[in-house]
Amino acid sequence: MGLLWSIIIGVVAGAIAGWLMKGRGFGFLVNLLVGLVGSVLGGWIYGLFGVDADRGVWGTLLMSVIGAVVLLWIVSLFNRK
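Plus 4 on top of the position in the sequence shown (first one is 1) and you've got our numbering.
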């Protein structure tokens, strides 16, 4: 896809994941990082289940959101108060 699309999808995926997990986003930079790491994690999860991750923009966004939600859930396990 291209670097610009990866950044855009990363920001959107991070914002959606932040909204789903905490009710709000975390700001541009954190959303970007969460989305990009979530995309890698989502690709790995898709690979475990044998799902083809190359499904265009919407498929990539869904994969990134799933990965970002899993990432935030894992972080929340260590961040309990």
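Ideal placement from N, C-alpha and C gives every residue a C-beta, glycine not left out.
Please report the residue range of the alpha helix (DSSP H) in which residue i lies.
i: residue 61; result: 60 to 82
i: residue 55; result: Here residue 55 belongs to no alpha helix (DSSP H), and DSSP marks it neither H nor E.
i: residue 14; result: 7 to 26
Measuring CB to CB, does residue i end up less than 7 Å from residue j?
i: residue 72; j: residue 6; result: no
i: residue 25; j: residue 50; result: no
i: residue 20; j: residue 46; result: no
i: residue 65; j: residue 13; result: yes
Report the rounded CA-to-CA distance for residue i versus residue j, giving the unit in angstroms.
i: residue 42; j: residue 11; result: 12 Å
i: residue 32; j: residue 15; result: 7 Å
i: residue 22; j: residue 76; result: 8 Å
i: residue 78; j: residue 38; result: 12 Å
Confirm the yes/no value for this check: CB of residue i, any heavy atom of the ligand NAP, distance under 6 Å.
i: residue 62; result: In the structure shown, the ligand NAP is absent, as is every other ligand, since no ligand is present at all.
Taking only beta-carbon positions, decide if residue i is within less than 7 Å of chain D.
i: residue 74; result: Considering every chain present, this structure includes no chain D. It has just one protein chain.
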